[in-house]
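Okay, so here's the structure we're looking at.
Number of protein chains: 2
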Amino acid sequence: MAGCDTAQLAAAVSAAGGLGSLACALLSPAQIAAAVGAFRAISNGPLNLNFFCHTMDPVDEAADAAWAARLAPYYEALGIDPRSVPPAAVRRPFDDAACAAVETLRPQVVSFHFGLPQASLFERVKRSGAAVLASATNVEEALWLQARGCDAIIAQGAEAGGHRGMFLARDPAKQVGTMALVPQVVDAVDVPVIAAGGIGDARGIAAARFLGAAAVQLGTAYLFCPEAKVSPLYLRALQELRADGTVLTNVFSGHPARGIANRFVEEVGPLSDAVPRFPHASERVAPLRAASEAAGTSEFMQMWAGQGAPLCRVRPAGELTRALAQEAHVLMKRH
Amino acid sequence: MAGCDTAQLAAAVSAAGGLGSLACALLSPAQIAAAVGAFRAISNGPLNLNFFCHTMDPVDEAADAAWAARLAPYYEALGIDPRSVPPAAVRRPFDDAACAAVETLRPQVVSFHFGLPQASLFERVKRSGAAVLASATNVEEALWLQARGCDAIIAQGAEAGGHRGMFLARDPAKQVGTMALVPQVVDAVDVPVIAAGGIGDARGIAAARFLGAAAVQLGTAYLFCPEAKVSPLYLRALQELRADGTVLTNVFSGHPARGIANRFVEEVGPLSDAVPRFPHASERVAPLRAASEAAGTSEFMQMWAGQGAPLCRVRPAGELTRALAQEAHVLMKRH
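In order, the protein sequences belong to chains A and B.
The numbering of the first sequence is the numbering used here, which starts it at 4 and goes up by one.
The numbering of the second sequence is the numbering used here, which starts it at 4 and goes up by one.
If you want it as structure tokens, here you go:
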């Protein structure tokens, strides 16, 4: 949800009985502190801070030059001067400074994507009192996370929008659907499993519970909330989306992520070997995304979305959260 | 299940309260009659005959020659003389002769994959008294099938083993997971929806029911039954399979299908533009499959499997069917 989440969104979710989350991968420690401050100014509910745990390689100059050349025709078509482009925010891995922010801010929950930080940082997070969650896309990853002390595992099915959490798995074509993944992870680990991917309404929540999940994680559904920072073009694309209108693509960041298959995704990807390694692909794409939006077209925009999007409707986050919980409860009672 | 199904398997399923099915795509009308006769000799339960509805183009000689050249090194490595290869059975579309067999044999249910046969054949099947099912992989396909008179829609999620039923959808990378697909199809159509894909045990059945499915279809689970015609190498591969060990591949037939990612799939595919159109790719691959199995290796074998395979265990089909129904019932009662 990085870039789309807000303190208002997270606070509304937590106030309604859910666990609101702030995406920290694009934030400096000062920005994290500001976001948590904004959340706490309007909520005393529980808070989850989410971090990425990738290895941050230096920019590969040759790969970057090739990428710039690949994108040059689009820069030209959109009237962007490559020399006038301001530096873009790049996704940062969880590090000592982010860990210090956690120790100071003391969120109830910290979640990680792409594995876990090094053991010393992980231990500091645990000692801060936070419960630690992390994403697994197969059984091997789930066992790896459990062995290192995660308190719960997010089983991220292939339907999920945004970045695939895969960190031992290598092939996006082999990612597993939620229906098959959740019970296999539940069977493999002793900690609670949180189901993610393709869950758009109460039916999916009830289904996930029967698969053995202790809880569910929804992202796309909350992109439809007025509290989310989603541009009108993105929201319209979400509302017009069909389940088979998304695809796993690496063209925005270098790592496979599920998003709406627009012109940029189809022409350059969806999965391309010419893309620089995560997260550096994003720096050259950021100007295209911005110019596309400014020109009133979503053709070059990064629009993460899961396959459950057509199940979602525009409504305030608190109302959505309460409705999901209540409707799932009624569904499960009825049988 | 074509090639793996048996009359004994279907009869055991029907005797236990399920709907046993015979795969007819590889059978002549005489072979269909023989299979139905074998079923009825041991069962008076309901029977489903499944047919494919593809367009049967003539062999494209140029594509076939290129395919033969691509496979030549494997023929050589496995010691196959291309001139000594007997003609292989090829998947046939539902036609007048198959329809006449249906009219004579009067199965309770006829199901179609890859769309529907032409209207005159479809009407003859309906007039025979059979209920007609067909597979949809997205909402558009489900609406198309409903508009033409199908009595129920099989919503085939991306987790499913074997051929993708896609006939309006074109891109296998955009196929939708069961968790997201089923409720969207349920919302779109008025007829009952049968969930397929990633369902390996009672938890998946209960989950599918909460997604709105009226019933479920399991294939991979029945490959583990002693009544199935599954070779020891295939069964061992199924038992050792992990959820992310399968992939959508077109190298065996020309149409995307989910199977175990072995050497042949990885080296030639998994999805290749060099493969002749369905179903003709299979004729050149058949000798490789046979020689591989004869040599005691599964490296070149066609081993369809869904992502739920790790949830499945070896047990007789009747026992499996009764256990699935009872365990799902208990699960749904408990909540």
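In this text, a Cβ means the ideal position worked out from N, Cα and C, and glycines have one as well.
A quick note: this is a predicted structure, and the numbers were derived from the prediction, not measured.
Buried or exposed by the 16-neighbour rule on C-beta atoms within 10 Å, applied to residue i
| i | result |
| --- | --- |
| glutamate 126 of chain A | exposed |
| isoleucine 162 of chain A | The question names isoleucine, but residue 162 of chain A is glutamate in the sequence shown. With 16 or more Cβ atoms within 10 Å of its Cβ, glutamate 162 of chain A is classed as buried. |
| aspartate 8 of chain A | buried |
| lysine 177 of chain A | buried |
| glutamine 329 of chain A | exposed |
| serine 24 of chain A | buried |
| serine 234 of chain B | exposed |
| arginine 316 of chain A | exposed |
| glycine 160 of chain B | buried |
| proline 32 of chain A | buried |
| glycine 40 of chain B | exposed |
Contacts that residue i makes with chain B (C-beta to C-beta distance below 7 Å)
| i | result |
| --- | --- |
| alanine 75 of chain A | Within 7 Å Cβ-Cβ: nothing; alanine 75 of chain A doesn't reach chain B, min ~26 Å. |
| glycine 222 of chain A | Simply none; closest approach about 13 Å. |
| phenylalanine 213 of chain A | Arg206, Ala209, Ala210, Phe213 and Leu334 |
Residue i: contacting residues in chain B (beta-carbon distance under 9 Å)
| i | result |
| --- | --- |
| isoleucine 202 of chain A | Met182 and Ala183 |
| glutamine 159 of chain A | Result: empty, since nearest Cβ-Cβ is about 12 Å, beyond 9 Å. |
Cutoff 8 Å; reference residue i; Cβ partners in own chain excluding five residues on either side
| i | result |
| --- | --- |
| alanine 313 of chain A | The amino acid occupying residue 313 of chain A in the given sequence is proline; alanine does not appear at that position. The residues are Gly203, Leu244, Arg245 and Ala246. |
| isoleucine 197 of chain A | Leu136, Ala155, Ile156, Ile157, Ala158, Ala216, Ala217, Ala218, Val219 and Gln220 |
| aspartate 99 of chain A | Leu124 |
| glycine 262 of chain B | Gly164, Gly165, Thr249, Val250, Thr252, Phe255, Val268, Gln305, Met306, Trp307 and Ala308 |
Chain-order list of residues whose beta-carbon lies under 6 Å from that of residue i (same chain, five-residue window excluded)
| i | result |
| --- | --- |
| tyrosine 77 of chain B | Leu291 |
| serine 256 of chain B | Phe281, Pro282, Ala284 and Ser285 |
| glutamine 149 of chain A | Val192 and Val194 |
| methionine 340 of chain A | Lying outside 4 to 338, the shown extent of chain A, residue 340 of chain A is not represented and no answer is given. |
| methionine 169 of chain A | Thr140 |
| glycine 48 of chain A | Ser17 and Ala18 |
| alanine 172 of chain B | Thr140 and Asn141 |
| aspartate 67 of chain A | Pro279 |
| methionine 59 of chain B | Pro96 |
| valine 62 of chain B | His283 |
| isoleucine 83 of chain B | Pro290 and Ala294 |
For residue i, the nearest candidate out of the options (CA to CA)
| i | options | result |
| --- | --- | --- |
| glycine 207 of chain A | A:Val185, A:Val317, A:Ala191 and A:Pro120 | A:Val185 |
| histidine 283 of chain A | A:Leu50, A:Ser46, A:Ala71 and A:Ala191 | A:Ala71 |
| proline 319 of chain B | B:Ala14, B:Ala5 and B:Thr300 | B:Ala14 |
| glutamine 310 of chain A | A:Phe227, A:Pro235, A:Ala240 and A:Gly201 | A:Gly201 |
| valine 250 of chain A | A:Gln305, A:Phe54, A:Val233 and A:Leu323 | A:Gln305 |
| phenylalanine 42 of chain B | B:Ala75, B:Asp276, B:Arg109 and B:His332 | B:Arg109 |
| arginine 325 of chain B | B:Gly21, B:Ala37 and B:His258 | B:Gly21 |
| arginine 95 of chain B | B:Ala28, B:Asp84, B:His116 and B:Ser138 | B:Ala28 |
| arginine 86 of chain A | A:Val93, A:Ala92 and A:Ala75 | A:Ala75 |
| phenylalanine 117 of chain B | B:Arg337, B:Cys102 and B:Glu144 | B:Glu144 |
| alanine 209 of chain A | B:Cys56, B:Ala36 and B:Leu334 | B:Leu334 |
| leucine 214 of chain B | B:Cys153, B:Ala33 and B:Ala183 | B:Ala183 |
| alanine 122 of chain B | B:Ala101, B:Arg151 and B:Thr107 | B:Arg151 |
| alanine 199 of chain B | B:Ala224, B:Asp190 and B:Pro175 | B:Ala224 |
| alanine 65 of chain B | B:Ala331, B:Ala289, B:Ala277 and B:Val93 | B:Ala277 |
| glycine 299 of chain A | A:Ala240, A:Ala331, A:Glu270 and A:Glu230 | A:Ala240 |
| leucine 30 of chain B | B:Leu119, B:Cys228 and B:Phe54 | B:Phe54 |
| arginine 337 of chain A | B:Leu50, B:Ala297 and B:Arg212 | B:Arg212 |
| leucine 327 of chain B | B:Ile35, B:Asp190, B:Ser46 and B:Ala205 | B:Ala205 |
| glutamine 34 of chain A | A:Leu12, A:Cys56, A:Gly6 and A:Ile45 | A:Gly6 |
| cysteine 56 of chain B | B:Cys102, B:Ile45, B:Ala38 and B:Val88 | B:Cys102 |
Under 8 Å by beta carbon: chain B residues contacting residue i
| i | result |
| --- | --- |
| arginine 245 of chain A | Asn141, Val142 and Glu143 |
| alanine 264 of chain A | Lys177 |
| valine 250 of chain A | Asp174, Ala176 and Lys177 |
| proline 273 of chain A | Ala176 |
Cβ-based neighbour list, residue i, same chain, cut-off 7 Å, excluding 5 preceding and 5 following
| i | result |
| --- | --- |
| valine 105 of chain B | Leu52, Val113, Val128, Ser131 and Ala133 |
| glutamate 302 of chain A | Asn265, Arg266, Phe267 and Ser295 |
| glycine 321 of chain B | Ala15, Ala18 and Ala19 |
| proline 175 of chain A | Arg167, Leu251, Pro259 and Leu274 |
| valine 188 of chain A | Ala139, Val142, Ala145, Ile156, Ala158 and Val196 |
Chain A contact residues for residue i, given Cβ-Cβ distances below 9 Å
| i | result |
| --- | --- |
| glutamate 270 of chain B | By Cβ distance, chain A contributes nothing, its closest Cβ being about 14 Å from glutamate 270 of chain B, past 9 Å. |
| proline 195 of chain B | The contacting residues do not exist; proline 195 of chain B stays about 16 Å from chain A at best. |
| glutamine 187 of chain B | Gly203, Arg245, Ala246, Gln310, Gly311, Pro313 and Leu314 |
Contacts of residue i in chain A (Cβ-Cβ under 7 Å)
| i | result |
| --- | --- |
| glutamine 310 of chain B | Val179, Gly180 and Ala183 |
Residues that residue i contacts on chain A, provided the C-beta gap is smaller than 8 Å
| i | result |
| --- | --- |
| glutamate 162 of chain B | Val179, Gly180, Met182 and Ala183 |
Q. What runs of the beta strand (DSSP E), each 3 residues or longer, lie entirely inside the stretch 21 to 63 of chain A?
A. Listed in chain order, they are 23 to 26 and 50 to 55.
(Q) Just to confirm the assignment: which complete alpha helix (DSSP H) runs, minimum length 4, are found wholly within the stretch 103 to 173 of chain B? (A) 122 to 130 and 142 to 150, all fully within the stretch 103 to 173 of chain B.
Q | Contained beta strand (DSSP E) runs [length at least 3] in the stretch 189 to 248 of chain A, N- to C-terminal order | A | DSSP runs (the beta strand (DSSP E)) wholly in the stretch 189 to 248 of chain A: 196 to 199 and 218 to 220.
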